[in-house]
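Visitor: Got a structure for you, questions after.
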Amino acid sequence: MAEERGFVFHGPDGQVELSIEEVMDLAKRDDPDGLYALAMAYLFGWDVEQNEDVGYDLLEKSVAAGQTEAMALMVRLFMQGDYCGIDSERAAQLSITAAKDGVPDAQLYAGLAYMDGVSVEQDYSEAARYFRLAANQGNQEARTSLAYLYQEGLGVEKDERKAYGMYRTAAKAGNVNAMFQAGICCEFGNGTPVDLRQAEEWYRMGADQGDAFAMERLGYLLSESDPPRATESFEWFLKAASEGVPTAMQMVGYCYMRGIGTERSDEEARKWLNMARDNGVEEASEMLSMLGSVLGRGEQA
């Protein structure tokens, strides 16, 4: 079912909301903004029946007409693995073109391209410049990426305190990755005094929004609290493991092996430890050997 939605355009007299019929009329006249709006309508099912093939075709036409927000959307869809019509080189070029026009998402993607050296020469200073431009327009993912550069001293003078402040700002604005990073800072004293209670709060915020790595770190904190909150710790390890975090799989196996926070189960322990080992956790192999030794002694007895 199509989602009903108006389309807001920015004109010389301010914002104007158009109907889907008016958007279609603009697109028929090859108006770049109209093509972009209609592309989104078909891609996301706004006021029309969703049709991604039509949406991508319109998006390409809008990009070809120089619509920079369309460029940013195309790059986002490419990075999410939803669109294969471009490659990483074209994605980087589109990001930089749209970034120069002031599109925040494009500034983020341009920063990522320079940070990782994707289709451009790696340049942390240029990455920081683009991240800062996007962050100044309220892009919290860019703020989080800029914080990472300050934390590591890449392209900017290292400043862990400034990095933590940026993580905290982005986290308060709802960025899940920043919640996890702020938790790491509080747990290990990076740019702020060690504060395990605050770390737990940040991890819990991220975990509640589905961040598997925050779930795992929350599990560790709860297991090491005084007194240990073993049952809740196990539950978070299990959630993180179910989301595919290999080290959390190991911890679930360990909890089953020792009966920590859950009933002891050698069968479940073996299952989770095998999964962890198959995902590259070497310590899981040692635990499996220990589990085998214990079972062997039990059988001999």
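If you're matching positions, the sequence shown starts at 853 in the working numbering and goes up one per residue. Glycine residues also receive a C-beta, built at the ideal position from the N, C-alpha and C atoms.
Apart from the five residues on each side of it in sequence, which residues of its chain come closer than 6 Å, Cβ to Cβ, to V1008?
Guide: Closer than 6 Å at the Cβ level, and outside the excluded window around V1008, lie A980, L1001 and Y1002.
Visitor: Roughly how many whole angstroms lie between the Cα atoms of Q1033 and L1048?
Guide: About 14 Å.
Visitor: Count the other C-beta atoms from every protein chain shown that fall within 10 angstroms of the C-beta of D957, then say buried if there are 16 or more, exposed otherwise.
Guide: So D957 ends up on the buried side.
Visitor: DSSP three-state call for V860: helix, strand or coil?
Guide: DSSP places V860 in strand when its eight states are reduced to three.
Visitor: Who does L911 pair with in a DSSP beta bridge?
Guide: None, per the DSSP bridge assignment.
Visitor: Please list, in chain order, all residues of the same chain as R1129 whose beta carbon is under 7 Å from its beta carbon, the five residues on each side excluded.
Guide: Excluding positions up to five away in sequence, the list reads A1136, S1137 and L1140.
Visitor: Rounded to whole angstroms, what's the CA-CA distance from E869 to D905? Just pull it up for me.
Guide: Their backbone Cα atoms lie some 26 Å apart in a straight line.
Visitor: When the Cα of D885 is compared with those of G918, D909 and G1035, which residue comes out closest?
Guide: Cα-wise, what sits closest to D885 is G918.
Visitor: Less than 6 Å between C-beta atoms, sequence neighbours within five positions excluded: which residues of the same chain meet that for E1068?
Guide: Hits under 6 Å: A1092, V1097 and A1100.
Visitor: Count the other C-beta atoms from every protein chain shown that fall within 10 angstroms of the C-beta of V1046, then say buried if there are 16 or more, exposed otherwise.
Guide: Exposed, by the Cβ-count rule.
Visitor: Using C-beta distances below 8 Å, list every residue in its chain close to D1063, excluding the 5 sequence neighbours before and after it, in chain order.
Guide: Answer for D1063: V1028, N1029, M1031 and F1032, listed in chain order.
Visitor: Cutting at 6 Å between CB atoms, please list the residues of its own chain near Y961, excluding the five before and the five after it.
Guide: Closer than 6 Å at the Cβ level, and outside the excluded window around Y961, lie V927 and S947.
Visitor: For the alpha helix (DSSP H) holding E1053, just list the boundary residues, first then last.
Guide: Counting along the chain, the alpha helix (DSSP H) containing E1053 begins and ends at L1048 to D1060.
Visitor: Please report how far the alpha carbon of P1080 lies from the alpha carbon of A1015, in whole angstroms.
Guide: In a straight line, the C-alpha of P1080 is about 31 Å away from that of A1015.
Visitor: Please state the DSSP three-state secondary structure of Q867.
Guide: Three-state result, Q867: strand.
Visitor: As a quick exercise: from E1053, R1013 and R1020, pick the residue whose alpha carbon is nearest that of G1043.
Guide: Per the Cα distances, R1013.
Visitor: Could you tell me if A916 is buried or exposed, where buried requires 16 or more neighbouring beta carbons within 10 angstroms of its beta carbon?
Guide: Exposed, because fewer than 16 other Cβ atoms sit within 10 Å of the Cβ of A916.
Visitor: Identify the continuous alpha helix (DSSP H) that holds Q902 and give its terminal residues.
Guide: Premise fails: Q902 is in no alpha helix (DSSP H) and is neither H nor E.
Visitor: So L1070 and E1095 are supposed to be a Cβ contact under 8 Å. How far apart are they, rounded?
Guide: The pair is not a contact, with the Cβ atoms about 13 Å apart (cut-off 8 Å).
Visitor: Please list the segments of the alpha helix (DSSP H) lying wholly inside the segment 942-976, counting only runs of 4 or more residues, in order along the chain.
Guide: Those alpha helix (DSSP H) runs which fall completely within the segment 942-976 and span 4+ residues are 956-968.
Visitor: For W898 versus I872, is the C-beta distance shorter than 9 Å?
Guide: Yes; because the gap between Cβ atoms is below 9 Å, this pair is in contact.
Visitor: Enumerate in chain order the residues of its own chain whose CB-to-CB distance from E1120 is below 6 Å, with the five nearest sequence positions on each side excluded.
Guide: Closer than 6 Å at the Cβ level, and outside the excluded window around E1120, lie Y1108.
Visitor: Which residue's Cα is closest to the Cα of D909: E921, A987 and Y894?
Guide: When only C-alpha atoms are compared, the closest one is Y894.
Visitor: Quick one: residues in its chain with C-beta nearer than 8 Å to the C-beta of T949, no 5 flanking neighbours on either side, listed in chain order?
Guide: Within the same chain, T949 has close Cβ partners T920, M923 and A958.
Visitor: Let me confirm a value: V1133 is counted as buried when at least 16 other C-beta atoms fall within 10 Å, else exposed. Which label applies?
Guide: Looking at its Cβ environment, which holds 16 or more other Cβ atoms inside 10 Å, V1133 is buried.
Visitor: Considering only the beta carbon of each residue, do A999 and G1017 sit closer than 9 Å?
Guide: Yes, these two residues count as a Cβ contact at 9 Å.
Visitor: Got a sec, what are the start and stop residues for the alpha helix (DSSP H) T1099 sits in?
Guide: T1099 -> alpha helix (DSSP H) spans P1098 to R1110.
Visitor: Quick check on T1083: buried or exposed, where buried means 16 or more other Cβ atoms within 10 Å of its Cβ?
Guide: Exposed.
Visitor: As a quick exercise: from R1110, V1104 and V955, pick the residue whose alpha carbon is nearest that of L1125.
Guide: Selected option, being the one with the closest Cα: V1104.
Visitor: For G1155, which of helix, strand or coil comes out of DSSP?
Guide: Look at the range of the chain in this structure, 853 to 1153, and you will see that residue 1155 is not part of it.
Visitor: Locate the alpha helix (DSSP H) running through Y1000, then write down its first and last residues.
Guide: Its alpha helix (DSSP H) spans residues Q992 to E1004.
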